[in-house]
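To convert, count from 1 in the sequence shown and add 8; that's our numbering.
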Amino acid sequence: MTDLDTFITGLPKAELHLHIEGSLEPELMFACAHRNGIAIPYASVEAVRAAYAFGNLQDFLDIYYAGAAVLCTARDFHDLAAAYFDRAAADGVVHAEIMFDPQTHMARGIAFGTVIEGLLSAMAEAEAKHGITSCLIMSFLRHLSENDAFATLAAAEPWFDRITAVGLDSSEIGHPPEKFARVFAAAAAKGLRLVAHAGEEGPPAYVWQALDGLKIDRLDHGNRSLEDAALVDRLVGDGMTLTVCPLSNVKLCVVPAIEDHPIDRMLALGLRATINSDDPAYFGGYIADNFRAVAYGRGLGKADLAVLARNSLTGSFLPPAAIAQHLQRLDAFLAMH
Ligand code: ADE
Ligand code: ZN
């Protein structure tokens with residue numbers, strides 16, 4: 009390990025953009041398929057990994073939803089999240105805000121309670137085992153209807169005290185944020201925070217809609233905001249946190265190569281960018297791999313990496329006192345490195 013690698017894994021950081029279904033490693037996919045009696049169209053773990061070549065977001069989503077179909081029981085969701093937390097702990101994650109896609113599972117007859125109870129049990133264990141705190145972001149699938157999103161919000165109601173935010177993910181182009189303005193307003197009225205994927209493949213207009221129509225607290229991806237100077241000014245003025253996912257951006261052809269990634273441009277413009285793994289089992293790396301990718305691919309040094317970690321803590325949904333404690337630990341770490 010180089011000095012920079014040690015620095016990256018040691019940096020106290022929060023992960024703010026992680027789809028728990030996207031942390032399903034092929035080994036667990038096979039184990040769940042076997043114990044649930046579900047056939048999968050791959051002969052081996054190697055064959056699964058070989059299938060992970062994507063030309064765009066939709067190519068990925070087709071494979072990602074097929075993979076998630078092996079998750080059936082609370083034990084499956086528990087094991088999925090427990091494996092993620094073990095990896096996150098090794099990468100210096102102190103807090104994780106985890107997205108899950110209930111509609112993917114409810115469409116297969118899996119109860120909302122099965123999904124969330126499995127996740128919550130792993131979250132409690134991770135806090136005891138690793139000291140990692142976490143919270144849940146329930147994401148609506150934007151390729152489905154507004155009605156379907158409202159039904160999902162209603163199904164979640166008994167667990168509102170265990171859900172921190174709602175999000176918006178899946179196929180972006182053709183499904184603008186404004187389609188979900190009313191359901192986001194209803195979620196906000198219930199005390200939930202708001203995040204949305206926008207500007208990953210979709211145009212800057214979708215980011216404007218996420219800000220003004222959905223009234224988001226945090227922006228997932230946001231890459232294409234860079235095409236619109238007025239939008240960048242707005243995001244900087246709002247102090248909006250962007251959850252950037254470098255290896256995802258390469259795998260989904262949002263950028264041609266890591267060497268072309270605009271992360272340093274984002275920081276130079278004053279955007280509050282953070283580094284995240286999105287769907288680590290599919291995109292070839294967890295959060296520290298993403299930090300390493302931009303460190304080596306874009307020549308970011310320790311000072312920039314520390315800003316990215318700081319932004320992740322200040323951009324989290326933790327209470328101010330918890331954020332202040334994490335920042336003290338970050339400053340203590342930086343003083344030693
Ligand atoms: N669901 C899981 N990962 C996603 C991504 N990167 N964009 C949109 N929807 C997703
Ligand atoms: Zn995502």
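Just so it is clear, CB atoms sit at the ideal spot from N, CA and C, and this is done for glycine as well.
{"Asked": "For the ligand ADE, I want to know if Y72 counts as a neighbour, meaning its beta carbon is within less than 7 Å of at least one of the ligand's heavy atoms.", "Found": "yes"}
{"Asked": "For G126, is the classification buried or exposed, using 16 other Cβ atoms within 10 angstroms of its Cβ as the cut-off for buried?", "Found": "buried"}
{"Asked": "Would you tell me roughly how many angstroms separate the C-alpha atoms of E208 and A164, rounded to the nearest one?", "Found": "27 Å"}
{"Asked": "Counting by C-beta, which residues lie closer than 6 Å to a heavy atom of the ligand ZN, in chain order?", "Found": "H25, H27, D177, H205, D228 and D286"}
{"Asked": "Less than 8 Å between the beta carbons of P185 and G230, yes or no?", "Found": "no"}
{"Asked": "What does the alpha-carbon distance come out to for the pair R232 and G175?", "Found": "19 Å"}
{"Asked": "Go through its chain and collect everything with a Cβ distance to F192's Cβ below 6 Å, but skip five positions before and after it.", "Found": "L202 and L222"}
{"Asked": "Here's the rule I'm using: 16 or more other beta-carbon atoms within 10 Å means buried, otherwise exposed. How should D94 be labelled?", "Found": "exposed"}
{"Asked": "Which class does S285 belong to by DSSP, given the choice of helix, strand or coil?", "Found": "coil"}
{"Asked": "Rounded to the nearest angstrom, what separates L36 and L88 at their Cα positions?", "Found": "8 Å"}
{"Asked": "By the three-class DSSP mapping on this structure, what secondary structure does D228 have?", "Found": "strand"}
{"Asked": "Less than 8 Å between C-beta atoms, sequence neighbours within five positions excluded: which residues of the same chain meet that for E135?", "Found": "T141 and S142"}
{"Asked": "Alpha carbon to alpha carbon, how far is I48 from A55? Give it in angstroms, no decimals.", "Found": "11 Å"}
{"Asked": "Which residue from I295, P211 and D99 puts its Cα closest to that of E235?", "Found": "P211"}
{"Asked": "Shorter than 7 Å, the distance from the beta carbon of S153 to the closest heavy atom of the ligand ADE, or not?", "Found": "no"}
{"Asked": "Helix, strand or coil for F148, going by three-state DSSP, please let me know.", "Found": "strand"}
{"Asked": "Measuring straight from C-alpha to C-alpha, what distance separates A115 and A41?", "Found": "18 Å"}
{"Asked": "Residues bridged to D177 by DSSP?", "Found": "L149"}
{"Asked": "Count the other CB atoms, across all protein chains shown, that sit within 10 Å of the CB of V244; report buried if there are 16 or more and exposed otherwise.", "Found": "exposed"}
{"Asked": "Taking A76 and L32 to be in contact with their CB atoms under 8 Å, please state how far apart those CB atoms are, rounded to whole angstroms.", "Found": "7 Å"}
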